[in-house]
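Beneath this line is the structure, given in C-alpha cells, with notes to follow.
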Amino acid sequence: MTPSPNPPPLDPALVRLLQVVAVAANESTSLEGALRTCLQAVCEHTGWAAGHALLVQPGGELASADVWHAADPARTREFHAALHATPANGDALAARVARAGEPAWITDLSAGHAALAEAAARAGLHAAAAFPIRVGHETAGVLEFFFGQAPAPQPGLLEVMLSVGTQVGRVIERARAEEALRSSEAKFAGIISISSDAIVSVDEDQRIIFYNRGAENTFGYTADEVMGERLEMLLPEGSRARHEGQVREFGASPVPARRMGERGQITGRRKSGEIFPADASISKLDLGGRRIYTAVLRDVTERVQAEEALARQAEELARSNAELEQFAYVASHDLQEPLRMVASYTQLLARRYGDRLDQDAHEFIGYAVDGVQRMQALISDLLAYSRVGSRGGTMERTELEAVLRRSLEALRTAIEESGAEITHDPLPPVTGDAVQLGQVLQNLVANAVKFRGDGQPRVHVGARRAGGEWVISVRDNGIGIAPEYAQRIFVIFQRLHTRAEYPGTGIGLSICKKIVERHGGRIWVESPPEGGSVFYFTLPATGEAE
Numbered sequence: 140m141t142p143s144p145n146p147p148p149l150d151p152a153l154v155r156l157l158q159v160v161a162v163a164a165n166e167s168t169s170l171e172g173a174l175r176t177c178l179q180a181v182c183e184h185t186g187w188a189a190g191h192a193l194l195v196q197p198g199g200e201l202a203s204a205d206v207w208h209a210a211d212p213a214r215t216r217e218f219h220a221a222l223h224a225t226p227a228n229g230d231a232l233a234a235r236v237a238r239a240g241e242p243a244w245i246t247d248l249s250a251g252h253a254a255l256a257e258a259a260a261r262a263g264l265h266a267a268a269a270f271p272i273r274v275g276h277e278t279a280g281v282l283e284f285f286f287g288q289a290p291a292p293q294p295g296l297l298e299v300m301l302s303v304g305t306q307v308g309r310v311i312e313r314a315r316a317e318e319a320l321r322s323s324e325a326k327f328a329g330i331i332s333i334s335s336d337a338i339v340s341v342d343e344d345q346r347i348i349f350y351n352r353g354a355e356n357t358f359g360y361t362a363d364e365v366m367g368e369r370l371e372m373l374l375p376e377g378s379r380a381r382h383e384g385q386v387r388e389f390g391a392s393p394v395p396a397r398r399m400g401e402r403g404q405i406t407g408r409r410k411s412g413e414i415f416p417a418d419a420s421i422s423k424l425d426l427g428g429r430r431i432y433t434a435v436l437r438d439v440t441e442r443v444q445a446e447e448a449l450a451r452q453a454e455e456l457a458r459s460n461a462e463l464e465q466f467a468y469v470a471s472h473d474l475q476e477p478l479r480m481v482a483s484y485t486q487l488l489a490r491r492y493g494d495r496l497d498q499d500a501h502e503f504i505g506y507a508v509d510g511v512q513r514m515q516a517l518i519s520d521l522l523a524y525s526r527v528g529s530r531g532g533t534m535e536r537t538e539l540e541a542v543l544r545r546s547l548e549a550l551r552t553a554i555e556e557s558g559a560e561i562t563h564d565p566l567p568p569v570t571g572d573a574v575q576l577g578q579v580l581q582n583l584v585a586n587a588v589k590f591r592g593d594g595q596p597r598v599h600v601g602a603r604r605a606g607g608e609w610v611i612s613v614r615d616n617g618i619g620i621a622p623e624y625a626q627r628i629f630v631i632f633q634r635l636h637t638r639a640e641y642p643g644t645g646i647g648l649s650i651c652k653k654i655v656e657r658h659g660g661r662i663w664v665e666s667p668p669e670g671g672s673v674f675y676f677t678l679p680a681t682g683e684a685e
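Numbered per the numbering used here, the sequence shown spans residues 140 to 685.
Next up, the structure:
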C-alpha cells in the first residue's frame, strides 16, 4: 500500500511514549533497567496487560531476559511462570518475529502451547503482539505484549513500536560496546600488570602514578613504596639532571614516542643501590589536561655481560690466532731447515758410500728421505691451512670460468697421465678471493682424478642458482665415499685410505672447507646411486657479481 503523502499526526500519548523510551535508552545505566522502563512505559501508554523481553544469545537462540512487567502482577503470576517455562522456539510468537525481523500479532492465544494457553485464559489474556529489537540490520531481541482483546488499530502504533525496538537496540549496542571495552581494558591491564618489562608512568612533576609488577621485580621497590614519589629514586644520582633535561626536550618535541633503542642504553638504580643497564622506550599522552609520560624499561644486564664476555673471547681469539700464525711461520721456516739438512745429508750418504752399503741400507735411506719429504709437505699444508683467514686476498668480482681454467692448467700433467675427461657448465662470476677459490676447485678436481676407479676418470664441474647463492658441484665416477664418512673427510688430518694407496696429507679438504666458510658458504659431499661422488659448495650471489 502506498503511504499517504501527508500521514496523520501521531496520537499525543504515542509521542509521550516515544519520549519516555528515548530518555530511558539514553539515561539507563543498565540494559535490564532500560528494558524494564520500556516495557512499563508501553503497557501504561497502551493499556496492555503485560510485557516480556527476550534477547538473542551468543549461540543464536532466543531466550528470556528475565525482564517482565504486568499491570496486575498477582493476576498474571501463573501466566508469567508458564511463559518462562515455555521455550521461545518453533512456532512461538517471539521466535517467528526473531526469524523474520518483522512485527507479528496473535488474536487467539488458545491456539498455541496448551499449558501456556490455559494459564493465559485464567489470567484473562487472549491476544498478543511482538516487535523486533533492532541493532542495525540485526534482530537482537523481541518485545512481546499480552492483552485481553486484540486492540483496535491505532494510527502510527506500528511505527512507534518499531521505533521503541530501535531505541532498545541502541541500549544493547551500547552495552555490547561497554562490555567489549571492559574486556579489552581488563586484558590490557592484565598484560601490563604481568609484563616482565618495567612499565612506569609519571606526571609533569616526574611523580610516579603507575608502576607495574615488572617494575617491582626490576627495581626491588613495591608499588606502595614508589607511588607519588619522584622518578629520580629509580635513577643513579649522576644521571638525574640529564634525565630531566631529556624529558623536557622530549615533551617539547612533536614526536609522540621514541622506540626502545632510539635513546641508546640508559641506567637504572635498584632499591639495593645496584646500578644496571636498560633499554627503554618512552611515550607521552595528554590526559584530562595533564601530560603523562610512560617509560618501558628492559633490564639488559645479562645481555651486556654476554656482550662483554663475547668481546673478551673475540680479543682472546684474535690473540690466539696471532700466536698460531706466528707458530705457523716459525714451523714453515725453522722446522723446514733441519728437515732439508736431514734429507741432504741422507742423500749425500747414499751417493758417497753407496757402493759400501747393502740393499737394506739403501732401503732405509729411502724411507728416511720419504719421511722428510712427507713431513715437509705436511708442514707446508698446515701452514696453508692456518693462513686461509689471515692471509687471504681481497674479495672482489671473480670469473669462476677463468679460475677453473687456471686450476686445470696446473693439473695438466695429472689429467694427461690419467686420461681424465674434464667438462664443465658455464660458470658464473662471483665475489671472492680468486686465488683461494682456485685452491678449492683445483683440490676437488685433483681428488676426483686421484680417487678414480678402473675406467677412464670423468669429472664434471656444474653450477646452478639457488635463491641467493650459487651451488657449485664437482661430480666424478670414482670410488665414491660411504655416507658415514661424509663429514669425517673434512676434518683435518682425517684419511680414509693409507698413504700407500693414495698419497697426501689429509689436509686438502679441510682447507677447502675453511676457504668456503670464509666466503660465507658451506661444503658437503654426496654419493649418488650410480656411483662416484659429488662435492658441492655454495657461494653467495651478492654484490657486484650479482
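Think of the CB as a built atom: it goes at the ideal place given N, C-alpha and C, for glycine as much as any other residue.
- For T552, the enclosing alpha helix (DSSP H) starts and ends at R551 to S557.
- For the set A260, L301, L297 and S335, the Cα lying nearest the Cα of H276 is the one of L301.
- F270 counts as buried, since no fewer than 16 other beta carbons sit within 10 angstroms of its beta carbon.
- Between V508 and T533, the CB-CB gap reaches or exceeds 7 Å.
- F503 and T562 have their C-alpha atoms spaced approximately 43 Å apart.
- Contact annotation: G304 and R273 have beta-carbon atoms nearer than 7 Å.
- For H658, same chain residues with a beta-carbon under 6 Å away, outside a window of 5 residues either side, are G571 and L678 in chain order.
- Runs of the beta strand (DSSP E) spanning 3 or more residues and lying entirely within the stretch 414-476 occur at 414-426 and 429-438, in chain order.
- Look at E343 here: in three-state DSSP terms it is coil, with no helix or strand label.
- Per DSSP, the beta-bridge partners of Y675 are S612 and W663.
- Fewer than three Cβ pairs drawn from the stretch 234-249 and the stretch 206-217 lie within less than 8 Å of each other, which leaves the two stretches out of contact.
- Sorting E665, N582, C182 and E455 by C-alpha distance to the C-alpha of L648 places N582 at the top.
- Close CB contacts of I348 within its chain, under the 6 Å cut and outside five residues either way in sequence, are with S340 and D342 (chain order).
- For the 7 Å CB-CB criterion, L201 and A234 form a contact.
- Apart from sequence neighbours up to five positions away, the residues of its chain that approach H599 with a beta-carbon distance below 7 Å are T562, H563 and R614, ordered along the chain.
- Closest option to I554, judged by alpha-carbon separation, among R261, R591 and E413: R591.
- Note: W244 is bridge-paired with A268 in the DSSP secondary-structure output.
- Minimum Cα-Cα distance from T552 among the listed residues V588, A256, Q578 and E540 corresponds to V588.
- L547 and E540 have their C-alpha atoms some 11 Å from each other.
- Following the DSSP letters along the chain, one finds A202 inside the beta strand (DSSP E) bounded by residues L201 to A209.
- Bounds of the alpha helix (DSSP H) holding F358 are R352 to F358.
- Just measuring C-alpha positions, the residue of G287, G280 and A268 sitting nearest A260 is G287.
- Between T225 and A188 the beta-carbon gap is near 18 Å, outside 8 Å, which marks them as no contact.
- G407 is positioned such that its CB atom lies closer than 7 Å to that of L373.
- When the beta-carbon positions are compared, V435 and I338 come within less than 7 Å of each other.
- Burial of N616 is indicated by the presence of at least 16 other C-beta atoms within 10 angstroms of its C-beta.
- When secondary structure is reduced to three states using DSSP, T406 falls in the strand class.
- Between A362 and E368 the beta-carbon gap is near 11 Å, outside 8 Å, which marks them as no contact.
- The three-state secondary structure of G577, taken from DSSP, is helix.
- E368 carries a coil assignment under DSSP once its states are collapsed to helix, strand and coil.
- Beta-bridge pairing by DSSP links P568 to E538.
- Beta-carbon to beta-carbon, A161 and L178 are separated by about 15 Å, too far to satisfy the 8 Å threshold.
- Taking each of E656, T357 and R313 in turn and checking the Cα distance to Q575, the smallest one comes out for E656.
- In the three-state DSSP reduction, R657 falls in the helix class (H, G or I).
- For the pair G377 and K410, the CB atoms are not nearer than the 7 Å cut-off.
- Bounds of the alpha helix (DSSP H) holding E171 are L170 to T185.
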